[in-house]
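For what it's worth, UniProt numbering labels the leading residue of the sequence shown as 1, then goes sequentially.
Written out below as structure tokens is the structure these notes cover.
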Amino acid sequence: MASSSASLKRREQPISRDGDQLIVTPLGAGSEVGRSCVYMSFRGKNILFDCGIHPAYSGMAALPYFDEIDPSSIDVLLITHFHIDHAASLPYFLEKTTFNGRVFMTHATKAIYKLLLTDYVKVSKVSVEDMLFDEQDINKSMDKIEVIDFHQTVEVNGIKFWCYTAGHVLGAAMFMVDIAGVRILYTGDYSREEDRHLRAAELPQFSPDICIIESTSGVQLHQSRHIREKRFTDVIHSTVAQGGRVLIPAFALGRAQELLLILDEYWANHPDLHNIPIYYASPLAKKCMAVYQTYILSMNDRIRNQFANSNPFVFKHISPLNSIDDFNDVGPSVVMATPGGLQSGLSRQLFDSWCSDKKNACIIPGYMVEGTLAKTIINEPKEVTLMNGLTAPLNMQVHYISFSAHADYAQTSTFLKELMPPNIILVHGEANEMMRLKQKLFTEFPDGNTKIMTPKNCESVEMYFNSEKLAKTIGRLAEKTPDVGDTVSGILVKKGFTYQIMAPDELHVFSQLSTATVTQRITIPFVGAFGVIKHRLEKIFESVESLTDEDIGLPALKVHERVTVKQESEKHVSLQWSSDPISDMVSDSIVALILNISREVPKIVVEEEDAVKSEEENGKKVEKVIYALLVSLFGDVKLGENGKLVIRVDGNVAQLDKESGEVESEHSAYEYPRLSRSDILTALKDFQIASVTETDLKNPTSDFVSELYTRILIYLDVLNEEETGQVDFGALEQLENPEHHATSMQSMTLYCKVKDMLDMVGCPLAINFKDLLRPESSRTEFFISALLNFALYKDSKMELIRPMAEELSILDEQRKQEEAKVAQLNAEIGEFDEAVERDLPFVQELEANIQELNQKILALNNQQMSLRATFQKMRDKSTQMDKEISTAEFDLVQTVQENANLRAQIVQSPDKLQGALEEKKLVLGETKKAEQSAMGSFQEKAAILEVYEKAFKKISKSSSQLKLINEQVTNAKAVEKEFKALKAKLSEEGVAYISLEAKVVERERIVEQLNESLKQLEKEKAVMFDEWTKQLNGLKVEVESRRRELEARQTNVESVVAMVDDNNAKINQVRQSGEAKVKQLATKYEEIVKQFHEYTVSFDAFLPSL
């Protein structure tokens, strides 16, 4: 096919060259563990890695140092995993600062993030003033978070990034960022060891320029997983065998799931322990367990293989524990409770209760932050301070068995040796451990080419990277090499950090920019509810936004921000969109969907017709995509009279047959222009094919030409790595002698590959063996020029073809699915016809059974109506009780708040009075001292007067304050009287609250009655279906016997066939009626169960509020 010569050529012109500064500043986790947050800036792009809080602090003190940066300047915020110290300040940063960039995390991280932070808000024991965010802020932040898949490349404002599996917790990721060719790897928390449910962290396929890596474990070495698990289970087994209790403080998510898998398996293998309970006290983990079950495929092969038989996270020997009140502390037991740091909560309550008994044990399963009780007891102090302020002896055994999912020194050093980054920045580690790790790593990289830095919080690391900025001329502008001083005019297009100069009329060819738009509008007849269209669209398309047409006040929808669907009137719906290949396909799909909704035909016919229609539409869409692709590539494309597509490029004409795909052209191949020697050197450097000098091209040798051809063919995916090697040129010389033609097959392979490639690209000059044995400069440059021109063409066109190719692949896949669907429908129709022929003699018996079943269905419908009436009464009563309880709760909260305010005023007033009196005494004392010192000499009279004057002002000020405080005390006494009246009112509301409790008891009794009714209904339904099944089985036996009689007699065959034809319609009607009624019964039963379930859920939610 003839192609545009302008589309195959490029030239590169340098814009400028200077050193660019890259800054990395830890806003948290700099020489500490907690509130991970690392700021990075390079070439005007700003990135924030992680956004956590410090577990040992509260309020604003727990936040990273956000005041060191301008939040509005951040382009991208990347969250590695859901742990508190990496993600908990995200709601604050998104909702309480000027940040307006984009936020990314993995799917599993986002799923657990909301649950974890909602629980964090509920259990935080801080004042309202110190609360960093609330549940409303969390919900708003969820709408701003975008998800990213592992290995998915995303580009935002010229910043490219993708992520690898980190292995730390479910969904944990390491982010690789690419800005203008400089790559930065941020590991977050990672582990290179595979455990029971998570994969090990991946190793990136190429080395980054900067590696920001965690140093939590420092130079420590972890024991092997099997030794740690054996120590863990041995301590637990020996403790419970002696009648003791085992406390395992752990965080709700992460290592907790690993330990639960170990305990459940160990208990299953030791029947003697089955009478000893294991409790997991964390409501949050119970909620998040559904997320772990959802993302089974993200875990390692062990879990996925086990999931094929059973769910590994449904534990057989572990029970949930909601609170200390539900715990029967009798005998030995094992309790895993949160929080892991023993700051508060159930784990702290059990620790205070068990710490004095030497038979008990506490296992610390991982790294603990400085300042927490869990970190303190690892050193085994003699006494500990309880939550009530008293001290108690620490007699229980404390074991530190690290199941930490942080990389130890062996993993860290191996990871860095394999990556070999020239710059290493250590974060997320205690200062002493970090310095030891730094010194140890210096011994691993003794060449001195690796820089290792350990910045503290708010301490910046500055590095410089030199990068050459180039503007590449493409298309028609690249046909002529400009001389020095020539002016190149065109449109400069910037995408990220790449620049291209092109002619204005070629803008649509080499970029996604368009210079004009065509708005299309279509009106479709539609009689029905507009909500049905919305419901169907939401099932098919991911993005469907509800709008309102302000002109006529009717509803409208926006599909994928491309196509607007409006309800024009009660009988018409309109579509409007800006025309492009994707929007056209979306609009076609919507039109087909609306037309399908308007039809009502039997199910089998509908599915068959839809499948055939979809197949035809896909064929038309393929033609549209091919046409759009050709237009984007060549511009002038029209449909000829013979049905072929006519393509005109630079005066050349080609014709494409849409059916066969054959191309007819006046020119058999494209003639590539010869590149200059400097162009060849530039192209080889840009493609990273080889480092070649001008001398190499002037005086080429056989070895040089062989190596260069080999590298170019590998770049063009023509030659495999297995086919490369050193060419035997002695054997090539022998090829001229017919007696030695078989001496070098490898040399022949290289020659054939080069010759085939040059023939394919239409090189007018033929290559021969002498061009490999004794290469000439001019011929070698001509051949290399042809190959490099093809490479330039290939790269530029692949970017344009790729989106269209993806659409073609999707359409082809849809076509295959529709063909399979049609085949399946045909098979089902055939099976249905065979079933009709088999069951024809027994239609009458089936009709009788169906009639009897209809009577039973009618009885069940009556029962359903009765249950619905009962449910409605319960809903009305529940609504009334909810209103009464809400009113009572509001009055109670308001009274308690007023009570607290009064108490605060009463308590503060005496304090202020006492402070004023003390200040007055202090002023009088100062006055007396000043008077005594001033009486010594007459010259100091002026000073004495001045001191008296100051003292008098202070006394006057204190007197005014004293009056104000007296007034406040008077007001406080009046308020105290009002408080007593409110207290009396509160006692009256207490009586009302008791009456509400009685109503709740009555409501529970009614729910029990409904449960009994539901169970009775299920029993009757089961009995009914059992009887019907028995009758059908009897009919089948009778059918079989009659069929055998008919086969033996072999008479009246023609009459039986006629009877089959006559009763065929009747059979279909009876069967469809029976199936419809059975489905209707099942649907009604499911609705009853769903309504009862919804009522139970609302009642369960209502009880905690009481």
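Just so it is clear, CB atoms sit at the ideal spot from N, CA and C, and this is done for glycine as well.
In the DSSP assignment, P91 falls within the unbroken alpha helix (DSSP H) covering L90 to E95.
Under DSSP, Y186 takes part in a beta bridge, and its partners are F175 and I212. The C-alpha of E433 is placed about 13 Å away from the C-alpha of V369. Three or more beta-carbon pairs separated by less than 8 Å link the region 697-707 to the region 776-796, which places the two stretches in contact. Listed in chain order, the alpha helix (DSSP H) elements of length 4 or more contained wholly in the region 500-575 are 507-510 and 530-540. Between the alpha carbons of T564 and Q576 lies a gap of roughly 5 Å. In summary, K480 is exposed, with fewer than 16 beta-carbon neighbours lying within 10 Å of its beta-carbon over all protein chains present. DSSP, read as helix, strand or coil, puts L263 in helix. Remark: C-beta atoms of G475 and M453 do not approach each other more closely than 8 Å. Distances from the CA of Y464 to each of A62, A180, E146 and L132 were compared; the closest alpha carbon is that of A180. For P421, no beta strand (DSSP E) encloses it, and the DSSP letter there is neither H nor E.
For Y280, the uninterrupted beta strand (DSSP E) run begins and ends at I278 to A281, by DSSP. The count of Cβ pairs closer than 8 Å, one atom from the region 446-462 and one from the region 420-430, reaches three, so the stretches are in contact. The beta carbons of G389 and A56 sit about 20 Å from each other, so the pair does not count as a contact at 8 Å.
Per DSSP, the continuous alpha helix (DSSP H) segment holding T239 begins and ends at R225 to A241. Around the beta carbon of D143, fewer than 16 other beta carbons sit within 10 angstroms, so the residue counts as exposed.
In the three-state scheme derived from DSSP, where H, G and I count as helix and E and B as strand, Y120 is classed as helix.
In the three-state scheme derived from DSSP, where H, G and I count as helix and E and B as strand, P271 is classed as helix. DSSP places E781 in the helix class (H, G or I) of the three-state scheme. Nearest C-alpha to Q512 among K494, T523, F526 and Q520: K494. Within a 10 Å sphere around the beta-carbon of R35 sit 16 or more other beta-carbons, which makes this residue buried. For A56, there is no enclosing beta strand (DSSP E), as DSSP marks it with neither H nor E.
The region 68-76 and the region 45-52 touch, with no fewer than 3 CB-CB distances between them shorter than 8 Å. When the Cα atoms are used, R436 and F442 turn out to be separated by approximately 10 Å.
Boundaries for H86: no beta strand (DSSP E) harbours it, while the alpha helix (DSSP H) harbouring it runs I84 to A87, taken from the DSSP string. For L713, DSSP records no beta bridge to any residue. Look at Y464 here: in three-state DSSP terms it is strand. Under the three-state reduction of DSSP, S598 is assigned to coil, being neither helix nor strand.
In the three-state reduction of the DSSP assignment, K698 falls in the helix class, which pools H, G and I. Under the three-state reduction of DSSP output, I810 falls in the helix class. A direct Cα-Cα distance of roughly 22 Å separates L630 from Q520.
A straight line joining the alpha-carbon of G59 with that of E135 spans about 16 Å. Assignment of M760 by DSSP, reduced to helix, strand and coil, places it in the helix class. Here T498 has no same chain residue with a Cβ atom under 7 Å from its own Cβ, once five neighbours each way along the sequence are excluded.
With fewer than 16 other CB atoms across the displayed protein chains lying within 10 angstroms of its CB, A529 is exposed. Straight-line measurement puts the Cα of M299 at about 58 Å from the Cα of K770.
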